[in-house]
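J.: I am attaching a structure below and will ask some questions about it afterwards.
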Amino acid sequence: MSLLSIDVGTTGCKVIAFNEEGKILAHAYGEYPLIHTRPGWSELDSQLVWQKVSDGIRSVAKQTQKDPIEAISVASQGEAVTPISKTGRILDHAITSFDSRTTGISDQIEQQISKLEIMQITGVPLSDITTVAKLIWLQRKKPGIYKQTRKFLGFEDFIYHQLGISPVAVDYSLAARTMAFDILNKRWSERMAKVANIDLDLFAQPVPSGTVIGQISSTVAQDLGLSKSVVSVTGGHDQPCGALGAGIIDHGHAMDATGTVECIAPAFTEPVLNQAMIDGNFCCYPHTVEGLFVTLGFVSSGGVILRWFRDNFAQTEVAQAEANGQDVYDLLLDSMPEEPSPVMLVPHFTGSGTPTLDLNAKGAILGLTLSTTKSDLVKAVLEGISFEIKHNLNLLALAGVEINEIRAIGGGAKSEKWLQLKADIFGKNVVALDVSEGVCMGAAILAGTAIGKYDSVREAVQTLIHPKKVYEPDPQQHQRYLGRMETYTRIYDAIKPVTP
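Just so we're aligned: the sequence shown equals residues 876 to 1375 in this note's numbering.
Here is the structure:
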């Protein structure tokens, strides 16, 4: 027996089969390009996305014939939706989250409804990236497509549709990314529908994460090499699925995922829907675990800055690592000084994430002298990313989001030095986990629990997810970093007026 998880990302998809013990039995990955038809526009060809997902399913199904797949669950990016006709045909590309064509639509929405009311209904701060803004744009600019559309499907519900599930469903966490979902009453919002002039029947049926929504069609099953008895189970938005895959099932615990983007996702029992959350651009929406909510704080350029540094300034270390069979990142991090770097780096290399969400922000390095070393710069990269997350943690605490423990997953979770640095800067315990694919693990937990392989999500987490090591903050280092943080939080406002 195996559980199939699908993670539909912005530039590629993962298809992974797990056994009941959480071991990866088979893995496939497919890439697809972002389509930029105009500057600032960003789309995905949904047919190509499905092709890559289906290729991955076929590959994994072939590799797991001795452990046949019993259930499929999907995690996906948010905001982007695909228009589907009455006959099930894909009508157009999906507009991705940070596409700029919707710029200014949020200002028009605010003329009809306040930011606070939107937050209190949907848990999503008003912005131009939301699904609602994209649908308003389609109404105005592509009315023919809009009128032909029977359903606008996020990539989770789109995959279920392609698997032959009818009626198609979406979980609460992904539904909430639209800014059209009432997170307290768990239904599509009539108020937001009126504001945006949207027929709520255009969305899929919202259901809890971990809900069995039907068997895949026999035709699709045969094409993909699956049994027609395979069931589909709702997964969720990728970040809450990743949080579940990190074992975030209790109030006050948070996932810290380090990849291209660094994202922190705390869980809490009561919704936090106040002005402080709006000011920090923090969402509040259903977790993939019943009875919990999550929020997200993120750095748009996380681990990708370390890769940028490697490619531009570490050719010697790359050659040395290749010659000695070492990991170049281990080599770079091992050279870092023990004390805080004398240099400060602002990690806004692709704009800023929360709390400012400034797409025009630029990265910066301050404090350079002729004494600055390569090792100082490496440490400044890690400190800058960690300072940015610490800034988010501080603002979330002021908003009323309690965080007691942080669980680390992703590439950065493999580095003991970075994890200790995070503990020292955050002033909180950071737990390293033996989880390599957190998002897909979260989806597998939902699938396995839904079909009775685990008695509960909690039992699944206790069975599958185990801490490797707890990194405790060094009190002396933490005090030193508190002073550095005071300086760091002033940099963005200071350099913004002179940023080219």
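Glycine is no exception: its CB is placed at the ideal position from the N, C-alpha and C atoms.
Counting beta carbon pairs with one atom in the stretch 937-953 and one in the stretch 1321-1336, are three or more of them shorter than 8 Å?
T.: These segments touch.
J.: May I ask you to report which of helix, strand or coil DSSP gives residue 1364?
T.: Here residue 1364 is taken as the residue at index 489 of the sequence shown, counted from 1. Three-state DSSP puts residue 1364 in a helix.
J.: Taking the C-alpha atoms as reference points, what is the distance between residue 1181 and residue 1340?
T.: The sequence position of residue 1181 within the sequence shown is 306, counting from 1. The sequence position of residue 1340 within the sequence shown is 465, counting from 1. When rounded, the distance between both Cα atoms is 28 Å.
J.: Which parts of the stretch 1134-1176 are runs of the alpha helix (DSSP H), unbroken and 4 residues or longer, counting only runs that do not cross its ends?
T.: You should have 1150-1154.
J.: Among residues of its own chain, excluding the 5 on either side of residue 932, which ones have a beta-carbon nearer than 6 Å to its beta-carbon?
T.: The count along the sequence shown starts at 1 and reaches residue 932 at position 57. Same-chain partners within the cutoff: 890, 1099.
J.: According to the Cβ coordinates, are residue 959 and residue 1017 closer than 7 Å?
T.: Counting from 1 along the sequence shown, the entry for residue 959 is found at position 84. Counting from 1 along the sequence shown, the entry for residue 1017 is found at position 142. For residue 959 and residue 1017, no; Cβs fall outside 7 Å.
J.: For residue 820, which beta-bridge partners are listed by DSSP?
T.: In the structure as shown, the chain begins at 876 and stops at 1375. Residue 820 is therefore absent and cannot be evaluated.
J.: Taking the C-alpha atoms as reference points, what is the distance between residue 1203 and residue 1209?
T.: If you number the sequence shown from 1, residue 1203 lands on position 328. If you number the sequence shown from 1, residue 1209 lands on position 334. Spanning the two alpha carbons is a distance of roughly 10 Å.
J.: Report the rounded CA-to-CA distance for residue 1264 versus residue 1139, giving the unit in angstroms.
T.: The sequence position of residue 1264 within the sequence shown is 389, counting from 1. The sequence position of residue 1139 within the sequence shown is 264, counting from 1. Spanning the two alpha carbons is a distance of roughly 7 Å.
J.: Here's a check: name, in chain order, each residue in its chain whose Cβ is nearer than 6 Å to the Cβ of residue 1328, leaving out the five neighbours to either side.
T.: Position 453 of the sequence shown, counted from the start, is the residue given in the question as residue 1328. Correct list, in chain order: 895.
J.: Going by the beta-carbon positions, is the gap between residue 1281 and residue 1305 smaller than 7 Å?
T.: For the purposes of this step, residue 1281 is identified with residue 406 of the sequence shown, where counting begins at 1. For the purposes of this step, residue 1305 is identified with residue 430 of the sequence shown, where counting begins at 1. Closer than 7 Å, so yes.
J.: What are the start and end residues of the alpha helix (DSSP H) that includes residue 1080?
T.: Residue mapping note: residue 1080 aligns to position 205 of the sequence shown, counting from 1. Counting along the chain, residue 1080 falls outside any alpha helix (DSSP H), though it belongs to the beta strand (DSSP E) covering 1080-1082.
J.: Are three or more beta carbon pairs between the stretch 1222-1235 and the stretch 1174-1189 nearer than 8 Å?
T.: Yes, the stretch 1222-1235 is in contact with the stretch 1174-1189.
J.: Taking just the CA atoms, how far does residue 1267 sit from residue 1054?
T.: The residue you call residue 1054 lines up with position 179 of the sequence shown. The residue you call residue 1267 lines up with position 392 of the sequence shown. In a straight line, the C-alpha of residue 1054 is about 22 Å away from that of residue 1267.
J.: Just verifying my parser: in three-state terms, what is the DSSP assignment at residue 1019?
T.: Within the sequence shown, numbered from 1, the residue matching residue 1019 stands at position 144. It is helical.
J.: Let me know the secondary structure DSSP gives residue 1025 once reduced to three states.
T.: For the purposes of this step, residue 1025 is identified with residue 150 of the sequence shown, where counting begins at 1. Here residue 1025 sits in strand by DSSP.
J.: Report the CB separation of residue 1299 from residue 1342 in whole angstroms; it is logged as a contact under 8 Å.
T.: Looking up residue 1299 in the sequence shown gives position 424. Looking up residue 1342 in the sequence shown gives position 467. Not really, about 19 Å apart at Cβ, beyond 8 Å.
J.: How many angstroms separate the CA atom of residue 1108 from the CA atom of residue 1249?
T.: Along the sequence shown, read from residue 1 onward, the residue named residue 1108 stands at position 233. Along the sequence shown, read from residue 1 onward, the residue named residue 1249 stands at position 374. Cα-Cα distance, rounded: 49 Å.
J.: Given a cut-off of 7 Å on the beta-carbon distance, is the pair residue 1313 and residue 1117 in contact?
T.: Locating residue 1313 in the sequence shown gives position 438, where the first residue counts as 1. Locating residue 1117 in the sequence shown gives position 242, where the first residue counts as 1. In contact: residue 1313 and residue 1117 (Cβ atoms closer than 7 Å).
J.: Can you give, in chain order, each stretch of the alpha helix (DSSP H) that sits fully within the stretch 1278-1322 and has at least 4 residues?
T.: You should have 1291-1301.
J.: CB residue 900 to CB residue 962, shorter than 7 Å?
T.: By 1-based counting over the sequence shown, the position of residue 900 is 25. By 1-based counting over the sequence shown, the position of residue 962 is 87. Against a cut-off of 7 Å, the Cβ pair of residue 962 and residue 900 comes out as no contact.
J.: Going by DSSP, what residues sit across from residue 1063 in a beta bridge?
T.: In the sequence shown, residue 1063 corresponds to position 188, counting from 1. The partner list for residue 1063 (beta bridge, DSSP) reads 1056.
J.: When you compare the CB positions of residue 942 and residue 1041, do they come within less than 7 Å of one another, or not?
T.: In the sequence shown, counting from the first residue as 1, residue 942 sits at position 67. In the sequence shown, counting from the first residue as 1, residue 1041 sits at position 166. Not closer than 7 Å, so no.
J.: So, using beta-carbon positions, are residue 1112 and residue 953 closer together than 7 Å?
T.: By 1-based counting over the sequence shown, the position of residue 1112 is 237. By 1-based counting over the sequence shown, the position of residue 953 is 78. Against a cut-off of 7 Å, the Cβ pair of residue 953 and residue 1112 comes out as a contact.
J.: Under a Cβ-count criterion, where at least 16 other Cβ atoms within 10 Å of its own Cβ denotes burial, should residue 1037 be classed as buried or exposed?
T.: Reading the sequence shown from its first residue, position 162 is the one you call residue 1037. It is buried - the Cβ of residue 1037 has at least 16 other Cβ atoms within 10 Å.
J.: At what residues does the beta strand (DSSP E) containing residue 1255 begin and finish?
T.: The count along the sequence shown starts at 1 and reaches residue 1255 at position 380. That residue, residue 1255, is in no beta strand (DSSP E); its alpha helix (DSSP H) goes 1249-1274.
J.: Would you mind giving the Cβ-Cβ distance between residue 1153 and residue 1000, rounded to the nearest angstrom? I have them listed as a contact below 8 Å.
T.: Taking the first residue of the sequence shown as position 1, residue 1153 is located at position 278. Taking the first residue of the sequence shown as position 1, residue 1000 is located at position 125. The pair is a contact, with the Cβ atoms about 5 Å apart (cut-off 8 Å).
J.: Between residue 1190 and residue 1255, what straight-line distance do the alpha-carbon atoms span, to the nearest angstrom?
T.: In the sequence shown, counting from the first residue as 1, residue 1190 sits at position 315. In the sequence shown, counting from the first residue as 1, residue 1255 sits at position 380. Roughly 19 Å between the two C-alpha positions.
J.: When we look at the beta-carbon of residue 1156 and count the other beta-carbons within 10 Å, is it buried (16 or more) or exposed?
T.: For the purposes of this step, residue 1156 is taken as residue 281 along the sequence shown, with counting starting at 1. It is buried - the Cβ of residue 1156 has at least 16 other Cβ atoms within 10 Å.
J.: Does any CB atom of chain B fall closer than 7 Å to the CB of residue 1005?
T.: Absent here is chain B; the protein component of the structure consists of one chain.
J.: Can you list the alpha helix (DSSP H) stretches of 4 or more residues lying completely in the stretch 1084-1129, in chain order?
T.: Taking only runs of at least 4 residues, the alpha helix (DSSP H) segments lying wholly in the stretch 1084-1129 are 1093-1099, 1113-1120.
J.: Using a Cβ-Cβ cut-off of 8 Å (strictly less than) and excluding sequence neighbours within five positions of residue 1168, which residues of its own chain qualify?
T.: As a working mapping, residue 1168 is identified with position 293 in the sequence shown. Counting only Cβ-Cβ distances below 8 Å, and skipping sequence neighbours, we find 998, 1058, 1142, 1143, 1144, 1145, 1146, 1147, 1159, 1160, 1161, 1162.
J.: Between the Cα of residue 1186 and the Cα atoms of 1292, 1253, 996, which residue gives the shortest distance?
T.: Residue numbering aside, residue 1186 sits at position 311 when the sequence shown is read from its first letter. Residue 1253 is the option with its Cα nearest to residue 1186.
J.: With DSSP run on the structure shown, which of helix, strand or coil describes residue 902?
T.: Taking the first residue of the sequence shown as 1, we reach residue 902 at position 27. Note: residue 902 maps to strand in three-state DSSP.
J.: Look at the alpha carbon of residue 909 and the alpha carbon of residue 1361, and state the distance between them as a whole number of angstroms.
T.: Reading the sequence shown from its first residue, position 34 is the one you call residue 909. Reading the sequence shown from its first residue, position 486 is the one you call residue 1361. Whole-angstrom Cα-Cα distance: 38 Å.
J.: Rounded to a whole number of angstroms, what is the C-alpha to C-alpha distance between residue 1074 and residue 1024?
T.: As a position in the sequence shown, residue 1074 is number 199, starting the count at 1. As a position in the sequence shown, residue 1024 is number 149, starting the count at 1. Answer to the nearest angstrom: the Cα atoms are 11 Å apart.
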